[in-house]
Amino acid sequence: MKRDSNIFLRVIKWLYPGMRVKRWLILFAFAVLLTTFGMARFLIEVSFLNRAICILAIMVGVFLGILGLRNMLGSFIAVFLPQGEKELVDIIYRKRYLEKGPRIVAIGGGTGLSVLLQGLKEYTSNTSAIVTVADDGGSSGRLRQQFDILPPGDIRNCLVALADAPSLMQELFQFRFDSSSELSGHSFGNLFITVMTKLTGDFEKAVKESSRVLAIRGQVIPSTLNNVSLGARYKDGSTIEGEAAIPKSKRPIARVFLKPQEACATPDALKAITEAQVIILGPGSLYTSIIPNLLIKELERAIAASSALKIYICNVMTQAGETEGYSAFDHIQAIIEHSSPKIIDSCIVNSAKIPKELLEKYSFENSYPVNVDLQKLRQAGYRVIEDDIVNVKDYVRHDSAKLARIVMGLVQENF
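The opening position of the sequence shown corresponds to residue 26 in my numbering, with each subsequent residue numbered one higher.
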């Protein structure tokens, strides 16, 4: 009885003054009565004039019913969507369109992966970003050391890239405290994920809760929940540990390795790879963002066994301390040497010219355009897609929209 009373009270609340529902509800009820009356009289009337009046009553009733229902729903919607019905239609259409998009797995870390995700989210909400957790520099490194958590920085960048939340919320997550604060160098998003990890007791849960806050289109998955560190062996035989320290020595890298070596892949990452139609490696730092994920043997085996289209997005510029003098083929060869020949079947490379002033700027950092050795790549059996994939303003960066269009073009060709 009490439950019935509560239901009745909740219904009555819709009739309170100021709800902007009552008038349209009354109009809709009147329209139903008018339509019903018109139909009932139409069935028993004989004269042409009376039947015409009944038809008119039915038409007026239907019109008023549509008007009342439309405005009543509009009152409900306006509470959540201030711009009204048109925006709701756009949101529903976009959501349904994106839900039908291809299942894409993007693997990497750093800035490069987040750039790709920004473009992909306009075509599909079925994107899974598998992100390295070997970072030990900057804000992530400090939080990792102080709070014994996995590094949140690359995860944060990917969450923001896939976010469907208002731009202010995205800016909040990327906000970085300046040197005048005790939080100098930390971003709000890193601190948020750290607090969520402490509250939930689980880094993976913290990432999922952060995903809900930002209403992301897809999912962001740490490649492992093990506390791994990245090390490198250089061609001169020396070794070093620490992801941030690897490129600083400026020595040619022979191999990179994880400690512990037997890190376990997250179940969500393995599931995403198994279900993927497209698997993308890169763009991003070759030895410190892409390859660390492939050193997790479960992930490497899952990718190799997948029948998905496997694409490598090659860097546009070489990276000092990692890939100096590397061609596109050298990038792929390094990936294969750390994993399996079945990891890549297609490669996207840049064909656009880089402005002279930017080339000069990058040369001071010992960074130059990656040479695209087409013949060598094709002889090795890779499909090569040459295109303009850069955004050249103050820096040479991959263009998210251009990359996404190329990827979706490959999807349409193959599925």
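Even for Gly, the Cβ is constructed at its ideal location relative to N, Cα and C.
- One thing to note: P292 has its Cβ no nearer than 8 Å to the Cβ of E347.
- If you compare the alpha carbons of S164, A333, Q171 with that of I180, the shortest gap goes to S164.
- DSSP places Y337 in the strand class (E or B) of the three-state scheme.
- Judged by DSSP secondary structure, D412 falls within the beta strand (DSSP E) whose first and last residues are 408-412.
- Between the alpha carbons of V303 and P127 lies a gap of roughly 8 Å.
- E147 and A269 have their C-alpha atoms some 32 Å from each other.
- DSSP places C289 in the coil class of the three-state scheme, outside both helix and strand.
- Under the three-pair Cβ rule at 8 Å, the segment 326-339 does not count as touching the segment 254-261.
- In the assembly as shown, P177 is a buried residue. Its beta-carbon has 16 or more other beta-carbons within 10 Å.
- Under a 10 Å Cβ-count criterion, F172 is classified as exposed, with fewer than 16 other Cβ atoms of the shown protein chains found around its own Cβ.
- Annotation: C289 to I129 spans about 22 Å, alpha carbon to alpha carbon.
- The criterion of a C-beta distance shorter than 8 Å is satisfied by I368 and I328.
- The beta carbon of E325 lies closer than 8 Å to those of L319, S364, S365, I368 in the same chain, with the five residues before and after it left out.
- Annotation: G90 to T299 spans about 50 Å, alpha carbon to alpha carbon.
- Nearest to L98 by C-alpha distance, out of A65, F73, A353, F53, is F53.
- Secondary structure of R167 (DSSP, three-state): helix.
- I69 counts as exposed, since fewer than 16 other beta carbons sit within 10 angstroms of its beta carbon.
- Excluding residues up to 5 positions away in sequence, G63, M64, R66, F67, E70 lie with their Cβ nearer than 8 Å to the Cβ of C79 in the same chain.
- Looking at the backbone, the Cα of C339 and that of R430 are separated by about 16 Å.
- Between the segment 186-198 and the segment 233-253, the count of C-beta pairs closer than 8 Å reaches three or more; the two stretches touch.
- Between I360 and N96, the alpha-carbon positions lie close to 59 Å from each other.
- DSSP, reduced to helix, strand and coil, places F55 within a helical segment of the structure shown.
- In the DSSP assignment, R280 falls within the unbroken beta strand (DSSP E) covering 278-284.
- When only Cα atoms are considered, V432 and K284 end up about 34 Å apart.
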